[in-house]
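Let me begin by presenting the structure, written as structure tokens, before commenting on it.
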């Protein structure tokens with residue numbers, strides 16, 4: 001804790017504030033690289049445990065292209081593939097909200 005904040009309001013104010021803060025995590029993820037129909041792809045697997053102790057896996061895919069239309073084209077193709085396996089959850093999700101339990 002930098003000196004200016006440590007004793008800002010009272011003695012040990014900064015350290016005490018950190019000790020009292022709600023702490024979340026740890027949050028782990030694994031990152032893989034591959035291809036989908038000849039386009040480079042990054043895959044991140046996030047295991048998130050929220051404040052209630054509920055664990056959930058989130059998979060994030062990133063197509064490696066600078067062209068929006070190309071990324072969208074492959075996104076739609078990937079959605080069809082995952083829908084075919086009945087494993088895709090439709091909807092948006094924010095990792096931060098899941099970690100904090102405010103989903």
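Numbering (our numbering), first residue to last: 1 to 103.
Cβ coordinates follow ideal geometry from the N, Cα and C atoms, glycine included.
Fill in: Outcome for residue 48 when other beta-carbon atoms lying within 10 angstroms are tallied against a minimum of 16
Here residue 48 refers to the residue found at position 48 when the chain shown is read from its first residue. Buried.
Discussion item. For residue 79, report the span of its alpha helix (DSSP H) as first-last.
Written reply: By 1-based counting over the chain shown, the position of residue 79 is 79. Taken as a continuous stretch (DSSP letters only), the alpha helix (DSSP H) holding residue 79 covers 68–84.
Fill in: Which of helix, strand or coil DSSP assigns to residue 30
Start at 1 with the first residue of the chain shown, and residue 30 comes out as number 30. Looking at residue 30 - three-state DSSP - the assignment turns out to be strand.
Discussion item. Between the alpha carbons of residue 188 and residue 14, how many angstroms are there, rounded?
Written reply: With the chain running from 1 to 103 in the structure shown, residue 188 is simply not present.
Practice prompt. Report the three-state DSSP secondary structure of residue 40 (helix, strand or coil).
Written response: The count along the chain shown starts at 1 and reaches residue 40 at position 40. The answer is strand: DSSP assigns residue 40 an E or B state.
Worksheet item: Name the DSSP bridge partner or partners of residue 59?
Response: In the chain shown, residue 59 corresponds to position 59, counting from 1. Residue 59 is bridged to 45.
Practice prompt. Classify residue 96 as helix, strand or coil using the three-state DSSP reduction.
Written response: What you label residue 96 is simply residue 96 of the chain shown in a count that begins at 1. In the structure shown, residue 96 sits in a helix (DSSP, three-state: H, G or I).
Worksheet item: What's the gap between the Cα of residue 54 and the Cα of residue 83?
Response: The residue labelled residue 54 in the question sits at position 54 within the chain shown. The residue labelled residue 83 in the question sits at position 83 within the chain shown. So the two alpha carbons sit approximately 25 Å from each other.
Fill in: Residues bridged to residue 15 [DSSP beta-bridge criterion]
Here residue 15 is taken as the residue at index 15 of the chain shown, counted from 1. Its beta-bridge partners do not exist; DSSP assigns none.
Worksheet entry | Close Cβ partners of residue 77 (< 8 Å) along its chain, the five nearest in sequence each way excluded | Counting from 1 along the chain shown, the entry for residue 77 is found at position 77. Result list for residue 77: 36, 37, in chain order.
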